[in-house]
Amino acid sequence: MATSMAAAIAATMPERQAAQTAAPTAAVVHEAIPASMAKLMDVEAEIPLTTVELDGLVVMKIMKHSQESSNANGLLVGIDLDGTLNVTNSFAMPNLTDDDDKSGKAAANARYQVAMLRQLNEVQGDDSVVGFYQSCTLGGFLRQSLIEQQALHQERLRHGGVVVVHDISGATRGVASFRAFRLSEAFRKAHKTKKFDTASLISNQLTFSAIMEEFPVTVHNTSLLSTFLSNLSLPTQPNSLSPSAFPSAPIEPSFLPLDLNPSTHIERLVDAADAVKAEESNLAYHARQHARERARAETKRTEEDAQRTNQGLPPLTDEEFARMFRLPPEPSRLESMLLLGQLDSHAKSAAVASSAEMVKMYLARPEALKGLA
């Protein structure tokens, strides 16, 4: 039976189209979270983080990027489950030159980040940013740029996100050094007020060791990769045990490299100590300037109070004094704290390296004494 003209016109009316499109939309029902995962899925971000778990692929990508660039930086993506932050993937951020303006750098990084997250979403990968990684040398990672980036992440990300620090110097010795940090609550309180003077440091009990709080880091590999690595580590059995099956060349002896030259650690320690000394000199100069200006203002206040008393007026209040005599603010001690943290990290790194070299020296001592005998 053919459709009448009136029915065809009625079907094209906006009310009819809205009713037809609204019907299937109302039937959409979101799938509920399974009961087995309900306790693990922290929808409201109420379960605090206790550990950080890095995927083996993430570890290899960070190490590769750190070998290519001494100042490697990138974003971490993953998900948090039952107090464990699972970092499943990462990608490097572009290393722009210093010639580019600051606004241009920020815009380029934002476009690159959005493009990478969109591509991860298209391949059904985790696209939730959970922090960033940063490479360093000899443990010195406390810098102003890292602090500002982590402070921004802790304001916008779930659980605040973390920063994973990779020490390149440890990787050269065959030790994959990965540490996870985030800003402490005491430091965040001082950072929100942008005040790092003496009174603020005392009230918040801030030192260089209280800027960051550390999380334990574990490395997770898939079952397929673990099986592959275990097969690689198994020794191969020779098909024949005849003498002709073995090479005729003698086995070269293997010795531990007796690298006893601590010049790199000493240079970093001296540079860090010089930077701390220079910053302390600047703080002392500003402190003298502040004390001189305050003494001058107090003298003027005394004279002003004497004149007001002669005129029968009350003395100046603290608010009136602050409005009339604007004292220069006390200099920030944040940079001094960061430099002290750098010095402490370099000292600990030198202690670890020197302990290993001392063991080598004691191992080589009997052979040296035997050669002198």
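Going by our numbering, the first residue of the sequence shown is number 350, and it counts up by one from there. We put the CB at the ideal spot given by N, CA and C, even for glycine. No experiment lies behind these values; they were computed from the predicted model shown.
- Between the segment 519-528 and the segment 494-507, the count of Cβ pairs shorter than 8 Å is below three; the stretches do not touch.
- Membership of T651 in the alpha helix (DSSP H) is indicated by the continuous run 612-659.
- If the five residues before and after N570 are omitted, its C-beta is found closer than 8 Å to the C-beta atoms of D404, G405, L578, all from its own chain and listed in chain order.
- Apart from sequence neighbours up to five positions away, the residues of its chain that approach Q691 with a beta-carbon distance below 7 Å are G489, L491, A621, ordered along the chain.
- The bridge partners DSSP lists for F527 are H515.
- As DSSP reads the structure, A441 sits in a beta bridge with G423.
- In this chain, the alpha helix (DSSP H) harbouring S415 covers 405-417.
- Boundaries of the alpha helix (DSSP H) around H502: 493-505.
- Proximity of the segment 553-560 to the segment 528-538 meets the contact definition, three or more beta-carbon pairs being nearer than 8 Å.
- Residue pairing by DSSP leaves H540 without any beta bridge partner.
- With fewer than 16 other Cβ atoms inside 10 Å of its own Cβ, A705 counts as exposed.
- Counting the other CB atoms within 10 Å of its CB gives I551 a total below 16, which places it among the exposed residues.
- Taking the Cα positions, Y634 is about 39 Å away from N458.
- Going by DSSP, S549 is part of the alpha helix (DSSP H) stretching over 547-553.
- Taken through DSSP and simplified to helix, strand or coil, Q473 comes out as coil.
- Within the same chain, and ignoring the five residues on either side of L469 in sequence, the residues whose Cβ sits closer than 6 Å to its Cβ are D476.
- Between L555 and A529, the CB-CB gap reaches or exceeds 8 Å.
- Just so you know, the alpha carbons of H614 and S703 end up roughly 9 Å apart.
- The criterion of a C-beta distance shorter than 8 Å is not satisfied by R682 and L618.
- Under the three-state reduction of DSSP output, N570 falls in the coil class, being neither helix nor strand.
- Collapsing the DSSP output to three states places D429 in a strand.
- The beta carbon of E679 sits closer than 7 Å to those of D546, T547, H639, all from its chain and outside the five residues before and after it, given in chain order.
- DSSP places E679 outside any alpha helix (DSSP H), giving it a letter other than H or E.
- When the beta-carbon positions are compared, L398 and H508 come within less than 8 Å of each other.
- Beta-bridge partners assigned by DSSP to G489: T486.
- For F670, the uninterrupted alpha helix (DSSP H) segment begins and ends at 667-673.
- Look at G510 here: in three-state DSSP terms it is coil, with no helix or strand label.
- Per DSSP, the continuous beta strand (DSSP E) segment holding F564 begins and ends at 561-564.
- Minimum Cα-Cα distance from A627 among the listed residues A636, I428, G453, S685 corresponds to S685.
- Taking the Cα positions, G432 is about 7 Å away from T400.
- DSSP, read as helix, strand or coil, puts L662 in coil.
- Going by beta carbons, V479 and V511 fall inside the 8 Å limit.
- Sequence-distant partners of V566 (beyond 5 residues in either direction) whose C-beta falls short of 7 Å from its own C-beta, in its chain, are V401, L403, F527, R528, A529.
- In the displayed model, T399 falls within coil according to three-state DSSP, outside both helix and strand.
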